[in-house]
Amino acid sequence: MDLTGQVVPFRFTERDMMGSGSVSNVFRMDRYIAVKTPILYHPDDLLSDEQAERSAVSLISIAREKAVYDALNNNPHPHILQTILHTTVPIAIFMPLMLHSLGHWMEIERPSAPSPLRLRWVKEVASAAEHLEAMGLVHGDIRPANVLLASDMHIKLADFDSCVQKGEECEAFTVPFHDAYEEVATHKSEQFAIGSFIYTLFTGHEPELHITGRELLAETLPNTEAILGGEIILKCWKKGYESVAAVAEDIYDLDLDDDGRDGDESETRSVNGSDTHSSRLRVNGHAGPEVMSAERIAELREVCRTWINVRAS
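317 is the number of the first residue of the sequence shown in the working numbering; add one for each residue after it.
As structure tokens, this is what we get:
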């Protein structure tokens, strides 16, 4: 993670960095709070066209994300990240510190991820996406890297820099969570991402899709017959649902005890991960998540402001 040439606020250093994307950096403020900032380069340096464009896109993206979080904070959901404070000078978003992204957790803990936990994460993401749809929003980039894992092992959907109103142009085309064909953000683009998210969580790896920038053909799609919720995944890829709410409704009905019985035939549907009695107890033993109260947000906001003043002195 290289900060060379960048304008880094609050005297952060590379040692404070938790992650870096195409348009933003995330730093650790303390044990409880993280700070997301745009990627900006020193104006007195001779910037390349790439650096100038990156800075411009970064500013637009974080402004969009701030606006989305403002709306979401007024209508919170237990599986959507709430932010604490938005500043304009310097530009930053202060948010609760999570363990790490679900994508990172799967990389380091994939073999030991209990099946019930994976299923719960899928249901929690579906719930978050359904909430966004009810607000007229499309996340636009649902994938494990943009889903954060809290200390209680519940998830928070985050990274709203690609989130737009339904019917607006898509901002992200991340394959295999976007088919590089849909240009308008709707329930179609969102359900495609959810299908790939389920596949990734339940198999432990991303689907290999034959992406051409044209509509996907059925014969190019991975076989999902042996995967729990395989029919849902396939229907999402084919954009067969009329809404994200309809996708979520089918996902909520998924059960690890479902043996896929259909008439006289039966087939065991799998989720890649341990599925022991003890693993189910570990998952079910966690209390359900709650949204942060206004009092808690106000308390953390004061902590942030005090920290900002100290850093500015």
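Virtual Cβ for every residue (Gly too), placed ideally from N, Cα, C. None of these values were measured; they are calculated from a predicted model.
Roughly how many whole angstroms lie between the Cα atoms of Tyr348 and Arg530?
Rounded to whole angstroms, Tyr348 to Arg530 spans 44 Å at the Cα level.
Taking just the CA atoms, how far does Glu330 sit from His358?
Going from the Cα of His358 to the Cα of Glu330 covers about 17 Å.
Backbone CA spacing between Met333 and Phe343 [nearest angstrom]
In a straight line, the C-alpha of Met333 is about 4 Å away from that of Phe343.
Quick one, which of His526, Leu356, Ala561 and Gly511 has its alpha-carbon nearest Leu453's?
Minimum Cα distance to Leu453 is reached at Ala561.
Note down the Cα distance separating Glu606 from Pro394, rounded to an integer number of angstroms.
When rounded, the distance between both Cα atoms is 5 Å.
Just list the beta strand (DSSP E) runs in the region 377-401, keeping only unbroken ones of 3 residues or longer that don't cross its boundaries, in chain order.
Runs found: none.
At which residue ranges does the region 449-502 contain complete beta strand (DSSP E) runs of 3 or more residues, listed in the order of the chain?
Counting only runs of 3 or more, we get 463-465 and 471-473.
With DSSP as the reference, please indicate the residues paired to Val342 in a beta bridge.
Answer is Gly335 and Lys352.
Thr340: which of Leu363, Glu381, Asp346 and Arg327 sits nearest, CA to CA?
In the sequence on display, residue 340 carries Ser and not Thr. Checked all of Leu363, Glu381, Asp346 and Arg327; the closest Cα to Ser340 is Glu381.
So, Ile400 versus Leu616, is the Cβ gap smaller than 8 Å?
For the 8 Å CB-CB criterion, Ile400 and Leu616 form a contact.
Evaluate the contact criterion for the region 455-468 versus the region 365-375: three or more CB pairs, one atom per stretch, below 8 Å.
At 8 Å Cβ cutoff, the stretches do not touch.
Ile548: first and last residue of the uninterrupted alpha helix (DSSP H) it sits in
In this chain, the alpha helix (DSSP H) harbouring Ile548 covers Gly546 to Trp553.
Beta-carbon within less than 6 Å of Trp402's beta-carbon, same chain only, minus the 5 sequence neighbours each way: which residues are those?
For the record, residue 402 in the displayed sequence is His; it is not Trp. So the list reads Lys382 and Ile409, once near-sequence residues are dropped.
For Tyr557, which of helix, strand or coil comes out of DSSP?
In this structure, DSSP gives Tyr557 a state outside helix and strand, which the three-state scheme calls coil.
Own chain, CB closer than 7 Å to His447, minus 5 neighbours either side, in chain order:
The residues are His393 and Ile396.
Contact defined as beta carbons within less than 8 Å: I believe Gln507 pairs with Cys552. What is the distance between those atoms, to the nearest angstrom?
Going by Cβ atoms, the distance from Gln507 to Cys552 rounds to 4 Å, so yes, they are a contact pair.
Going by CA-CA distance only, name the one from Ala610, Lys439, Val626 and Phe489 that's closest to His470.
For the residues Ala610, Lys439, Val626 and Phe489, the minimum Cα distance to His470 belongs to Lys439.
So, using beta-carbon positions, are Pro406 and Phe476 closer together than 8 Å?
No, they are not a contact pair.
Can the beta-carbon of Tyr515 be found less than 8 Å from the beta-carbon of Ile543?
Yes, Cβ-Cβ distance for Tyr515 and Ile543 is below 8 Å.
Is it buried or exposed, Ala444, if we count other Cβ atoms within 10 angstroms and call 16 or more buried?
Counting Cβ neighbours within 10 Å, Ala444 comes out buried, since at least 16 surround it.
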